[in-house]
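Below is one structure, written out as structure tokens; the observations come after it.
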Amino acid sequence: MKLSVISFTKNGRRLGEKLAARLADKDFKETEEIVLYTKCSAAAEQDGAHPVIPVEESIGEWAGKQMRENNALLFIGACGIAVRAVAPHITDKLHDSPVLVMDERGDYIIPVLSGHMGGANEIALKIAERIGAVPVITTATDLNGMFSVDLFAKKNGLSILNKEGIAKVSSKVLAGKQITVSVETGHISENCRVPEGIQIVPYPPVQAVDVLITKKESGSPAALVLKPKEYVIGMGCKKGKEPERVEAFIEQTLNAAGILKEQCMALASIEQKKDEQAFLQWSRKYRFPFYTYTAEQLQEVKGGFHGSAFVKDSVGVDNVCERAALKACGEKGELICEKHAQDGMTIAVAKREWSVAFDEE
């Protein structure tokens with residue numbers, strides 16, 4: 123995800139440059155790129171280490187473009203500016219870009235939009251830690267230390283089939299009521315601690331439950347239905363491959379396998395491709411995590427692969443797409459679409475053995 127930072131004064135620009143410098147290390151995983159913009163002509167003077175792009179269009183037009191690209195937005199200025207700019211472009215909580223606001227002194231940072239699914243809360247906490255700001259988190263479940271079903275779905279690689287169910291489940295949690303959860307048999311992580319307030323109901327449930335988690339088409343009534351994203355796409359390509367060719371190749375592969383994008387969890391490749399724009403653009407566009415691994419990590423993946431001496435000489439491992447797909451699956455992954463090459467690109471699809479956990483222990 124790209125973090126687009128916009129300022130409106132010289133002080134705001136300086137804070138943006140400070141922020142870019144503090145986040146420019148491998149430990150900051152929430153964004154893969156930080157771009158600074160300014161709407162103040164005086165602030166656009168290039169006297170800092172980090173380039174600042176002047177914004178010629180209106181703030182609303184700029185915000186709309188950033189949100190269409192699924193970038194995260196950080197406004198260094200008043201909350202009102204951010205709210206007016208993004209308001210015409212808001213869709214729903216599952217698809218909105220994360221939007222944050224920070225005062226130009228860097229005292230406070232506030233997630234305004236997409237705190238859970240977009241990751242605005244996580245970004246705010248990380249930024250606050252790096253520059254010494256106070257994160258102002260307003261989502262009720264976070265404030266009260268309670269179970270957040272949308273964040274649970276995101277962390278466990280689950281699709282939300284009916285977003286209106288999120289509010290129903292969250293309202294019960296916030297009211298202190300117990301919620302019932304039914305998980306397809308065999309898919310709760312071993313030694314998983316179930317928090318207080320959650321009752322696990324045998325699958326399939328005979329009565330209506332609050333949350334139903336299954337990959338099957340189930341007629342069981344539930345307030346919220348979650349479905350696992352079972353597939354990982356592994357890819358390699360020549361440097362500078364056109365984004366439209368990469369997207370077409372992915373679409374072609376998934377269609378041939380009868381897999382929907384909504385059933386996929388991530389895109390994976392080798393570390394040398396971490397800045398490959400075609401992969402970054404596709405993952406941003408469809409909000410997929412983009413995982414990359416070192417040649418050593420990929421070499422450790424067990425299995426029979428379609429190896430290439432040329433690839434091994436080039437990047438240090440004989441196969442990228444198949445090994446990367448399986449690596450991202452974790453244990454018990456299975457290749458369902460073996461390596462296929464086309465026009466300087468390679469692709470493979472693996473299926474993961476999914477499970478859910480209710481905590482991070």
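Each residue of the sequence shown is one higher than the one before, starting from 123 at the first, in the numbering used here. The beta-carbon is built from N, C-alpha and C at its ideal position, and this holds for glycine as well.
Give the secondary structure of K140 by DSSP, where H, G and I count as helix, E and B as strand, and everything else as coil.
In this structure, K140 counts as helix in the three-state DSSP scheme.
Sort A330, P350, A472 by Cα distance to G341 and report the nearest one.
Of the candidates A330, P350, A472, the one whose C-alpha sits nearest the C-alpha of G341 is A330.
Extent of the continuous alpha helix (DSSP H) run through M189:
Start and end: 181-190.
For I259, the three-state DSSP class (helix, strand or coil):
I259 sits in coil when the DSSP states are folded into three classes, being neither helix nor strand.
In three-state DSSP terms, what is C359?
Here C359 sits in strand by DSSP.
Whole angstroms is fine: what's the gap from K338's alpha carbon to V316's?
Rounded to whole angstroms, K338 to V316 spans 23 angstroms at the Cα level.
For R144, which residues in the same chain have their Cβ closer than 7 angstroms to its Cβ, ignoring the five residues on either side in sequence?
For R144, same chain residues with a beta-carbon under 7 angstroms away, outside a window of 5 residues either side, are R252, I253 in chain order.
Would S129 and C162 be called neighbours here (beta carbons separated by less than 8 angstroms)?
Cβ atoms of S129 and C162: closer than 8 angstroms.
Please state whether DSSP places L216 in a helix, a strand or coil.
Here L216 sits in coil by DSSP.
Could you have a look at Y325 and say whether DSSP puts it in helix, strand or coil?
Of the three classes helix, strand and coil, the one that applies to Y325 here is coil, per DSSP.
How many angstroms separate the CA atom of K449 from the CA atom of E398?
For K449 and E398, the gap between their C-alpha atoms comes out near 19 angstroms.
I282: which of G228, D264, P350 sits nearest, CA to CA?
I282 has its Cα closest to that of P350, out of G228, D264, P350.
Please report the straight-line C-alpha distance between K360 and Q321, rounded to a whole angstrom.
Between K360 and Q321, the C-alpha separation is close to 50 angstroms.
Given K434, which residues of its chain have a CB within under 8 angstroms of its CB, disregarding the five upstream and five downstream residues?
So the qualifying residues of the chain are D440.
Would M123 be called buried (16 or more neighbouring beta carbons within 10 Å of its own) or exposed?
It is buried - the Cβ of M123 has at least 16 other Cβ atoms within 10 Å.
For D435, the first and last residue of its enclosing beta strand (DSSP E)
Annotation for D435: no beta strand (DSSP E) segment contains it, though the alpha helix (DSSP H) segment containing it runs 431-437.
Rounded to a whole number of angstroms, what is the C-alpha to C-alpha distance between A447 and Y413?
Approximately 9 angstroms, taken between the alpha carbons.
Cβ pair D332, I301 closer than 8 angstroms
Taking 8 angstroms as the cut-off, the Cβ atoms of D332 and I301 count as close.
Distance check for E286 and L346, CA to CA, integer angstroms please.
Approximately 8 angstroms, taken between the alpha carbons.
Are the CB atoms of F269 and G319 within a distance shorter than 8 angstroms?
Cβ distance < 8 angstroms, so G319 and F269 count as in contact.
With distances taken Cα to Cα, identify the nearest neighbour of V303 among N313, K277, P210, V271.
For the options N313, K277, P210, V271, the alpha carbon positioned closest to that of V303 is the one of V271.
Own chain partners of Q188 with C-beta closer than 6 angstroms, once the 5 adjacent residues on each side are dropped
For Q188, where only same-chain residues beyond five positions count, the Cβ hits under 6 angstroms are S126, L195.
Going by the CB atoms, is the gap between D229 and V205 shorter than 8 angstroms?
In this structure, the beta-carbon distance from V205 to D229 does not fall below 8 angstroms.
So, R406 versus N192, is the Cβ gap smaller than 8 angstroms?
N192 sits close to R406, with the two beta carbons spaced by under 8 angstroms.
Quick one: grab the DSSP three-state call for V208.
Of the three classes helix, strand and coil, the one that applies to V208 here is helix, per DSSP.
Could you give the C-beta distance for Y408 and I392, rounded to a whole number, given that I count them as a contact under 8 angstroms?
Not confirmed; about 21 angstroms, so no contact.
Which residues mark the beginning and the end of the alpha helix (DSSP H) in which C443 is found?
First-last of the alpha helix (DSSP H) with C443: 443-451.
Let me confirm a value: R227 is counted as buried when at least 16 other C-beta atoms fall within 10 Å, else exposed. Which label applies?
Exposure of R227 is indicated by the presence of fewer than 16 other C-beta atoms within 10 angstroms of its C-beta.
Measure how close the beta-carbons of Y325 and K473 come, nearest whole angstrom, since I'm counting them as under 8 angstroms.
Y325 to K473, Cβ: 20 angstroms. No contact.
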